[in-house]
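Residues 7 to 239, numbered by the working numbering, are exactly what the sequence shown covers, in order.
The beta-carbon is built from N, C-alpha and C at its ideal position, and this holds for glycine as well.
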Amino acid sequence: MDGFDPAGAARWLAEALETGNPLSALPSEIAPRDPAEAEAAAIAALDALQIAPCGLRLLRRPGRPPLAGPMLEGRLTANSVSIALSTLRYPQVTAAVVGILAEPLELDGAGPPRLARLHPALDVSSSRFAELPADDVTLTADLARLGLVVAGRPKPLPGGPVRVVIGRPESRSRGIGTDLSSALAEAADVARRWGGLPAGALLVIGGLSPPVAAEGQLRARLGSLGWAEATFV
Numbered sequence: 007m008d009g010f011d012p013a014g015a016a017r018w019l020a021e022a023l024e025t026g027n028p029l030s031a032l033p034s035e036i037a038p039r040d041p042a043e044a045e046a047a048a049i050a051a052l053d054a055l056q057i058a059p060c061g062l063r064l065l066r067r068p069g070r071p072p073l074a075g076p077m078l079e080g081r082l083t084a085n086s087v088s089i090a091l092s093t094l095r096y097p098q099v100t101a102a103v104v105g106i107l108a109e110p111l112e113l114d115g116a117g118p119p120r121l122a123r124l125h126p127a128l129d130v131s132s133s134r135f136a137e138l139p140a141d142d143v144t145l146t147a148d149l150a151r152l153g154l155v156v157a158g159r160p161k162p163l164p165g166g167p168v169r170v171v172i173g174r175p176e177s178r179s180r181g182i183g184t185d186l187s188s189a190l191a192e193a194a195d196v197a198r199r200w201g202g203l204p205a206g207a208l209l210v211i212g213g214l215s216p217p218v219a220a221e222g223q224l225r226a227r228l229g230s231l232g233w234a235e236a237t238f239v
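Spelled out as structure tokens, the structure:
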């Protein structure tokens, strides 16, 4: 089998990123065949558009391995924003965190990241494809379903597990206990596998709650870390 050339897939992905037009399924001759090829295609698409990633995003999923992809500065937005549903395809919303690295994550390093700031957040996943891919390889090439990330005010990392709740602002749900330190350590390991990150880069973790539909006003509460919210119109 011929070696994979990420340029072919990158051209398709770059056009969808640049124009916002829906992308049909990638032809078999240019479709990535494994996660490494999918990651290469995603990076090549950004290179073609001269977009430099500002960090790494890890999207956790119930019962499935997480998806990893580059984080883009233009996809980070302030708290309490209104988001037009017409700009999203197959959106799902989960609780998230955004960490700002105080020190680089070196390729040969180990252990949890050292953070300058940590923000509660909402992760709004989306897709470039007209039909949502079912396989993880294509989803990885699709920037790991990167849509938007809504960041709240920064606070110190809580000392223990936090209760994560997502839903309407008036929701009284107790949520689920989540160990943010463990989640950040997992994301740091993935970032090192991708080649590391410099100080000041973003480490984003979505999927800290079950996904909910992007409808109306939604708020993610992460215990003492605070909250982030958005309104979908």
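Starting from the Cα of G75, find the closest Cα among A54, Q56, P167, C60 and give me that residue. C60
Excluding sequence positions up to five away, which residues of its chain have a Cβ less than 8 angstroms from the Cβ of A157? L82, T83, A84, N85, V104, H125, P126, A127, A234
Note down, one range per segment and in chain order, each beta strand (DSSP E) of at least 3 residues found wholly within the stretch 133 to 180. 154 to 157, 168 to 173
In terms of DSSP beta bridges, what is V99 paired with? V130, V218
Of the residues R67, P72, S132, A102, which one's Cα is nearest the Cα of L94? S132
Check whether the stretch 217 to 235 and the stretch 156 to 174 are in contact - that is, three or more C-beta pairs closer than 8 angstroms. yes
Short of 7 angstroms in beta carbon distance, which residues of its chain neighbour L164, apart from the five on each side in sequence? Order them along the chain. First, the amino acid is wrong: residue 164 is Pro here, not Leu. Excluding residues within five positions, the ones whose Cβ falls inside 7 angstroms are L186, G229, S230, L231.
Whole angstroms is fine: what's the gap from E35's alpha carbon to A136's? Cα to Cα, the separation comes out at about 19 angstroms.
Close-in-space but distant-in-sequence residues of the same chain around A46 (CB under 6 angstroms, 5 per side omitted): P12
When DSSP builds the beta bridges, which residues end up paired with S88? Its beta-bridge partners are T237.
L55 in three-state terms, based on DSSP: In the structure shown, L55 sits in coil (DSSP, three-state: anything other than H, G, I, E or B).
Tell me whether D40 is buried or exposed, calling it buried when 16 or more other Cβ atoms sit within 10 Å of its Cβ. exposed
Inspect the beta-carbon positions of A111 and G202 and report whether they are closer than 8 angstroms. First, the amino acid is wrong: residue 111 is Leu here, not Ala. Going by C-beta atoms, L111 is nearer than 8 angstroms to G202.
Residue span of the alpha helix (DSSP H) that contains R17, given as start and end: 12 to 25
Thinking V130 and I182 are a contact (beta carbons under 8 angstroms), I'd like their distance in whole angstroms, please. Actually they are not in contact, since the Cβ atoms of V130 and I182 sit about 20 angstroms apart, beyond 8 angstroms.
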